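Enquirer:
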Amino acid sequence: MTDVLVLVDHTDGELKNATAELLTAARVFGTPAAVVVGKPGTAAKLADTLGAYGAGEILAAESDSAGTYLLSEEVDTLVALAAERQVPVVVTGSAAGKEIAGRVATLTGSGVLADVVAINADGSAKYSIFGGDFIVDGGGFGASPVYALRPGSVDPEEAPASPAVTEVAFPEAPDAPVEIVSFTPAEGGDRPELTEAKIVVAGGRGVASAEGFADVVEPLADALGAAVGASRAAVDAGYYPGQFQVGQTGKTVSPDLYIALGISGAIQHKAGMQTSKTVVSVNKDEEAPIFEISDLGIVGDLFDVTPALTDKVK
7 MTDVLVLVDH
17 TDGELKNATA
27 ELLTAARVFG
37 TPAAVVVGKP
47 GTAAKLADTL
57 GAYGAGEILA
67 AESDSAGTYL
77 LSEEVDTLVA
87 LAAERQVPVV
97 VTGSAAGKEI
107 AGRVATLTGS
117 GVLADVVAIN
127 ADGSAKYSIF
137 GGDFIVDGGG
147 FGASPVYALR
157 PGSVDPEEAP
167 ASPAVTEVAF
177 PEAPDAPVEI
187 VSFTPAEGGD
197 RPELTEAKIV
207 VAGGRGVASA
217 EGFADVVEPL
227 ADALGAAVGA
237 SRAAVDAGYY
247 PGQFQVGQTG
257 KTVSPDLYIA
267 LGISGAIQHK
277 AGMQTSKTVV
287 SVNKDEEAPI
297 FEISDLGIVG
307 DLFDVTPALT
317 DKVK
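Our numbering puts the last residue of the sequence shown at 320; the count rises by one with no breaks.
Structure representation (structure tokens):
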């Protein structure tokens with residue numbers, strides 16, 4: 007019996023780490039059904055991994071035309087399954103996931119909870135509000151409340167199962183489609199993807215230049231096997247590409263370790279990273295707001311501290 011629907015987060019059949027977190031969190035409701043929307047053969051390729059994290063069933067909406075319309079296929083598939091099964095829905099809390107969550111909730115007449123960091127045993131959830139200033143408990147209403155889980159907020163735990171793959175109807179083309187006419191993958195290099203990384207090294211205005219990122223921030227990240235992030239101020243100044251921005255208007259991250267170099271800690275930035283498990287900050291200003299949420303704060307020049315730390319790590 008399916009007790010909750012989990013939308014599998016993948017890119018062209020390559021599973022994202024967030025899916026294991028979704029299945030782990032969703033098991034509070036009982037047995038999850040993993041919903042796969044993609045090209046033919048995608049579900050079969052992912053079946054072993056989905057089963058390892060507790061998926062009791064895999065519902066595959068597959069078609070050669072998958073990926074033609076922007077998010078409509080995922081939304082319509084979840085709406086149809088939710089209407090049929092009357093169970094909660096769990097999706098990833100990425101920008102795309104939140105869009106899906108809002109649309110599914112609207113079309114099913116159910117409540118939606120965004121920026122969820124934990125789902126409680128009674129079906130309520132802990133989630134972030136006011137730009138991350140508070141973590142509160144709340145519940146969704148309706149037959150199929152939708153939960154958008156913040157990536158990195160749950161530690162994946164295996165719960166081996168042997169799910170069968172069941173084909174479900176692939177949705178028809180939407181009446182008012184937004185069609186994807188081209189797709190260019192973001193160039194991320196060899197470092198971990200920012201929202202899935204266990205360690206993030208982020209630079210701010212204090213890094214002072216693009217060269218500062220190349221000479222100071224990136225070497226520490228590479229020594230730690232970490233992703234590189236940047237504050238909005240650093241991105242606006244042209245020090246680092248916008249795809250690596252962390253904050254309310256950028257990416258939301260929850261790594262095990264977040265190292266903030268030359269970041270003052272404005273609320274806009276803290277909203278995107280303050281659920282990190284451990285925060286280490288380096289800043290010359292001992293009054294910098296980033297120290298309020300730091301587990302370890304170093305008052306000093308990042309151009310002195312960071313290379314020394316990089317050498318120690320190596």
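Quick reminder that beta carbons are idealized off the backbone N, C-alpha and C, glycines included.
Computed from a predicted model, the values in this text were never measured in an experiment.
Give every residue of the same chain whose Cβ lies closer than 8 Å to the Cβ of residue 148, excluding the five residues on either side of it in the sequence, and list them in chain order.
Expert: Excluding positions up to five away in sequence, the list reads 111, 114, 115, 116, 117.
Enquirer: Taking residue 299 as part of the alpha helix (DSSP H), name the residues at either end of that continuous run.
Expert: Neither: residue 299 is in no alpha helix (DSSP H) and is coded neither H nor E.
Enquirer: Based on Cα-Cα distance, which residue from 30, 135, 176 lies nearest to residue 46?
Expert: Of the candidates 30, 135, 176, the one whose C-alpha sits nearest the C-alpha of residue 46 is 176.
Enquirer: Report the residue ranges of all alpha helix (DSSP H) runs contained in full by the stretch 45-88; include only those spanning at least 4 residues, in chain order.
Expert: With a minimum length of 4 residues, the continuous alpha helix (DSSP H) runs that stay inside the stretch 45-88 are 48-58.
Enquirer: Against chain B, does residue 209 count as a neighbour if the rule is that its beta carbon must be under 8 Å from one of theirs?
Expert: Reference to chain B is not applicable here, since this structure consists of a single protein chain.
Enquirer: If distances are taken between C-alpha atoms only, which option among 123, 301, 290 comes closest to residue 30?
Expert: Looking at the Cα atoms, 123 is the closest of the given residues.
Enquirer: Look at residue 60 and residue 233 and say whether their C-beta atoms are less than 8 Å apart.
Expert: Taking 8 Å as the Cβ cut-off, residue 60 and residue 233 do not qualify as a contacting pair.
Enquirer: Expressed to the nearest angstrom, what Euclidean distance is found between the alpha-carbon atoms of residue 127 and residue 97?
Expert: Taking the straight line joining both Cα atoms gives about 18 Å.
Enquirer: Look at the alpha carbon of residue 40 and the alpha carbon of residue 13, and state the distance between them as a whole number of angstroms.
Expert: Taking the straight line joining both Cα atoms gives about 6 Å.
Enquirer: Do you know how far the Cα of residue 107 is from the Cα of residue 90?
Expert: So the two alpha carbons sit approximately 17 Å from each other.
Enquirer: Starting from the Cα of residue 22, find the closest Cα among 56, 9, 11, 34 and give me that residue.
Expert: If we check each option's Cα against that of residue 22, 56 comes out closest.
Enquirer: Identify every run of the alpha helix (DSSP H) within the stretch 210-283, keeping only runs that are complete inside it and at least 4 residues long; order them along the chain.
Expert: Here the runs fully enclosed are 224-230, 238-242, 273-276.
Enquirer: Just to confirm the assignment, what range does the beta strand (DSSP E) spanning residue 13 have?
Expert: Segment 10-13, the beta strand (DSSP E) holding residue 13.
Enquirer: Starting from the C-beta of residue 137, find all residues in its chain whose C-beta is less than 8 Å away, skip the five residues before and the five after it, and write them out in chain order.
Expert: Same-chain partners within the cutoff: 254, 273, 274, 276, 277.
Enquirer: Are there 16 or more other CB atoms within 10 angstroms of the CB of residue 314, so buried, or fewer, so exposed?
Expert: The residue is exposed, with fewer than 16 neighbouring Cβ atoms inside 10 Å.
Enquirer: Residue 155 lies in the beta strand (DSSP E); which residues open and close that run?
Expert: Note, residue 155: beta strand (DSSP E), 152-155.
Enquirer: Output yes or no for whether 8 Å exceeds the beta carbon distance between residue 305 and residue 290.
Expert: Cβ atoms of residue 305 and residue 290: closer than 8 Å.
Enquirer: Rounded to whole angstroms, what's the CA-CA distance from residue 80 to residue 119? Just pull it up for me.
Expert: If you take the alpha carbons of residue 80 and residue 119, they lie about 18 Å apart.
Enquirer: Beta-carbon within less than 7 Å of residue 85's beta-carbon, same chain only, minus the 5 sequence neighbours each way: which residues are those?
Expert: 110, 113, 114, listed in sequence order.
Enquirer: Can the beta-carbon of residue 252 be found less than 8 Å from the beta-carbon of residue 230?
Expert: No, Cβ-Cβ distance for residue 252 and residue 230 is not below 8 Å.
Enquirer: So the alpha helix (DSSP H) residue 144 belongs to, where does it begin and stop?
Expert: It is not in any alpha helix (DSSP H) - residue 144 instead sits in the beta strand (DSSP E) that spans 140-144.
Enquirer: Would residue 172 pass as a contact of residue 64 if the rule is Cβ separation under 8 Å?
Expert: The answer is yes: Cβ separation under 8 Å.
Enquirer: Using only the alpha-carbon positions, how far apart do residue 88 and residue 199 sit?
Expert: Each residue's alpha carbon lies about 31 Å from the other.
Enquirer: Assuming the contact rule is C-beta atoms closer than 8 Å, residue 102 and residue 77 should be a hit. Round their C-beta distance to whole Å, please.
Expert: Their Cβ separation, rounded to whole angstroms, is 6 Å, which keeps residue 102 and residue 77 in contact under 8 Å.
Enquirer: Within 10 angstroms of its Cβ, does residue 104 collect 16 or more other Cβ (buried), or is it exposed?
Expert: The residue is buried, with at least 16 neighbouring Cβ atoms inside 10 Å.
Enquirer: Suppose contacts are defined by Cβ-Cβ distances below 8 Å. Is residue 170 in contact with residue 261 by that definition?
Expert: Taking 8 Å as the Cβ cut-off, residue 170 and residue 261 do not qualify as a contacting pair.
Enquirer: If I measure Cβ to Cβ from residue 248 and keep anything under 6 Å in the same chain, skipping five residues before and after, which residues do I get?
Expert: Answer for residue 248: 241, listed in chain order.
Enquirer: Please list, in chain order, all residues of the same chain as residue 299 whose beta carbon is under 8 Å from its beta carbon, the five residues on each side excluded.
Expert: Closer than 8 Å at Cβ, skipping near neighbours: 271, 276, 280, 285.
Enquirer: Residue 213 and residue 245 - do their beta-carbons sit closer together than 8 Å?
Expert: Yes. Within cutoff.
Enquirer: With respect to the beta strand (DSSP E) encompassing residue 310, which residues constitute its N-terminal and C-terminal limits?
Expert: It is not in any beta strand (DSSP E) - residue 310 instead sits in the alpha helix (DSSP H) that spans 308-319.
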